[in-house]
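Colleague: First residue of the sequence shown? That's 1 in UniProt numbering, and the numbers climb one at a time after it.
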Amino acid sequence: MSLIIIASSVFLYALFWVWYVGFGRKASPELIARALQALDQHGGHWTSDTHRNHIRQLLENDDGKEFIMVNLLTFKRPRKQSYKLLNQYYQVFGKSLLKRAGHPIVVASSASGKIEFLGVPVDEEWDMAGLMRYRSRSDFAEIVIATAGSEHHDFKLQALERTIAFPASPSTLIGSPRVLVALILALLASLLHIALV
Numbered sequence: 001m002s003l004i005i006i007a008s009s010v011f012l013y014a015l016f017w018v019w020y021v022g023f024g025r026k027a028s029p030e031l032i033a034r035a036l037q038a039l040d041q042h043g044g045h046w047t048s049d050t051h052r053n054h055i056r057q058l059l060e061n062d063d064g065k066e067f068i069m070v071n072l073l074t075f076k077r078p079r080k081q082s083y084k085l086l087n088q089y090y091q092v093f094g095k096s097l098l099k100r101a102g103h104p105i106v107v108a109s110s111a112s113g114k115i116e117f118l119g120v121p122v123d124e125e126w127d128m129a130g131l132m133r134y135r136s137r138s139d140f141a142e143i144v145i146a147t148a149g150s151e152h153h154d155f156k157l158q159a160l161e162r163t164i165a166f167p168a169s170p171s172t173l174i175g176s177p178r179v180l181v182a183l184i185l186a187l188l189a190s191l192l193h194i195a196l197v
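1) By DSSP, does T147 sit in helix, in strand, or in coil?
2) State the DSSP-derived secondary structure class of V122, mapped to helix, strand or coil.
3) Considering only the alpha carbon of each residue, which of I5, I4, N61, R178 lies closest to P29?
4) Entirely within the region 76-110 and at least 3 residues each: give me those beta strand (DSSP E) ranges in chain order.
5) With distance defined between alpha-carbon atoms, name the residue in R34, N71, L3 nearest to A168.
6) To which residues of the same chain is S96 closer than 6 Å at the C-beta, ignoring the five residues directly before and after it?
7) Sort S171, S8, F155 by Cα distance to Q88 and report the nearest one.
8) Could you spell out where the alpha helix (DSSP H) holding E30 opens and where it closes?
9) Whose C-beta lies closer than 6 Å to the C-beta of M69 among residues of the same chain, with five residues either side of it excluded?
10) Starting from the C-beta of M128, find all residues in its chain whose C-beta is less than 6 Å away, skip the five residues before and the five after it, and write them out in chain order.
11) For S171, which option in K65, A195, A186, V92 has the closest C-alpha, if you only look at C-alpha atoms?
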């Protein structure tokens with residue numbers, strides 16, 4: 001019975017690992033071309049040469065690993081209405097993200113104005129910061145293709161006064177679901193073993 005419990009736990013974790021980590025698949029030239037075409041057709045504020053070149057660079061330098069999108073946001077007033085609009089945006093974006101093992105890592109509201117700054121306007125403040133985990137850059141490209149042209153982008157534009165987002169490759173990621181899921185499965189397996197002994 002113990003071997004069955006252990007084998008089942010390992011099997012479940014393997015399934016989770018395949019979904020959450022993937023196989024290191026890199027963005028193909030065809031996928032990159034489709035993503036850029038989607039941006040050209042429906043990208044709106046993403047269609048400048050700078051944005052396009054940065055996205056192309058991100059996809060062409062794909063390492064097949066996860067990355068974090070760092071977001072800073074300032075909401076239009078009244079904030080309550082802007083929060084609702086951004087939530088409507090996330091209802092669409094979040095489903096596409098979660099389907100590909102992406103998720104928020106941190107979403108936090110500012111506790112005060114800037115404490116430290118250099119080379120930015122003195123009066124430029126941010127209301128919220130968010131870190132979004134993507135399983136891979138190819139997943140990012142697929143999300144762009146799946147959501148480009150959707151009206152949910154209009155909700156985001158209506159909600160935000162300004163925003164900035166840039167991709168970052170994590171060197172350290174404490175509290176990863178990889179560890180959490182392993183601990184949960186180990187705990188459940190132990191409890192099940194105790195109950196059956």
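Where is the CB? At the ideal position from N, CA and C, for every residue including glycine.
Modeller: By the coordinates alone:
1) helix
2) coil
3) N61
4) 103-109
5) N71
6) I143, A146, T147
7) F155
8) 29-42
9) M132, A165, P167
10) L73, S109
11) K65
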